[in-house]
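Quick note on our numbering: the sequence shown kicks off at 4 and runs consecutively.
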Amino acid sequence: MGRAFEFRKARKMKRWAAMSKAFTRIGKDIVMAVKEGGPDPDANARLRAVIQNAKSVNMPKDNIERAIKRASDKSQGDYKEVLYEGYAPHGIAILVETATDNNTRTVANIRSYFNKCNGSLGTSGSVEFMFDHTCNFCIDPEGQDPEELELDLIDFGAEEVFMDEDGIHIYAPFEAFGGIQKELESRGIEIRSSGFDRIPQVNKELSAEQAEDVEKLLEMIEEDDDVQNVYHNMQE
């Protein structure tokens, strides 16, 4: 198996990947998708993807519809996606994806977490180059052969296809998302969830004591309401 498989296995085991914040994150994703492309999922590919993700975490249909309705209201504020980069103790690189309606508040909070844990918030580009920005899909495996599917989707940018208990997973570069989504939909294949990840090119191994220092910072960042995702290059 490749890096995407190992990355997914590690992510599934992380407590910050739990569903506790899933509804909040998806609610913001709905707002951004509707503001960008309108409230009709048939005409808004990004919104279709968010709705699939909402269903995958058992978000009630009524909640989804209410979120779309609220997002369509002109008085509803928008969220801006902002990426923060920095270093945790022991040279561990960290990327923080946020969706915020107040960047002044968010950057102050993120900086304070790094400072409290002897880390440092970096400038744009200081860490991002260490990670591959990828897109991913989880599809219904019924009637699908992962090896054949991988061959079919190579032309659309797919780099890694594998199966686990959740379904068949497809990983590709970030820019391949639209083409693969369109191809899967044209084939009538059920997309259970989709999204984007930042996979570290090289992981750094730490001692148990050093890892605890990094985990302390990760926990603080992950608990912030403006944070959507956190990525790092510490070996799990």
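Glycine residues also receive a C-beta, built at the ideal position from the N, C-alpha and C atoms.
- With the rule of 3 Cβ pairs closer than 8 Å, the region 164-174 does not count as touching the region 99-113.
- In the structure shown, residue 91 falls within a coil segment according to DSSP collapsed to helix, strand and coil.
- Of the residues 137, 56 and 100, the one whose Cα lies closest to the Cα of residue 225 is 100.
- For residue 79, same chain residues with a beta-carbon under 6 Å away, outside a window of 5 residues either side, are 73 in chain order.
- Excluding residues up to 5 positions away in sequence, 163 and 174 lie with their Cβ nearer than 6 Å to the Cβ of residue 7 in the same chain.
- Inter-residue distance for residue 228 and residue 131 is about 22 Å (C-alpha atoms, whole angstroms).
- Nearest in C-alpha terms to residue 218, of all of 93, 59 and 35, is 93.
- The distance from the Cβ of residue 194 to that of residue 142 is about 6 Å, consistent with a contact at the 8 Å cut-off.
- Taking each of 237, 30, 200 and 58 in turn and checking the Cα distance to residue 215, the smallest one comes out for 237.
- Burial state of residue 88 is buried, judged by a 10 Å Cβ sphere holding 16 or more other Cβ atoms.
- Closest in alpha carbon position to residue 107, among 91, 119 and 85, is 85.
- Excluding residues up to 5 positions away in sequence, 136, 137, 138, 139, 177 and 180 lie with their Cβ nearer than 8 Å to the Cβ of residue 199 in the same chain.
- The beta carbon of residue 122 lies closer than 7 Å to those of 89, 90, 91, 92 and 220 in the same chain, with the five residues before and after it left out.
- Boundaries of the alpha helix (DSSP H) harbouring residue 35: 25-40, taken from the DSSP string.
- In this structure, the alpha-carbon of residue 212 lies about 14 Å from that of residue 95.
- In the three-state reduction of the DSSP assignment, residue 211 falls in the helix class, which pools H, G and I.
- Around the CB of residue 196, 16 or more other CB atoms lie within 10 Å, so the residue is classed as buried.
- In the structure shown, residue 135 adopts extended strand secondary structure according to DSSP, grouped into three states.
- Contact check for residue 192 against residue 147 passes: the beta carbons are separated by less than 9 Å.
- Inclusion of residue 49 and residue 36 in the CB contact set at 9 Å is warranted, their separation being smaller than that value.
- The Cβ atoms of residue 205 and residue 97 do not sit closer than 9 Å to each other.
- Less than 9 Å divides the Cβ of residue 44 from the Cβ of residue 54.
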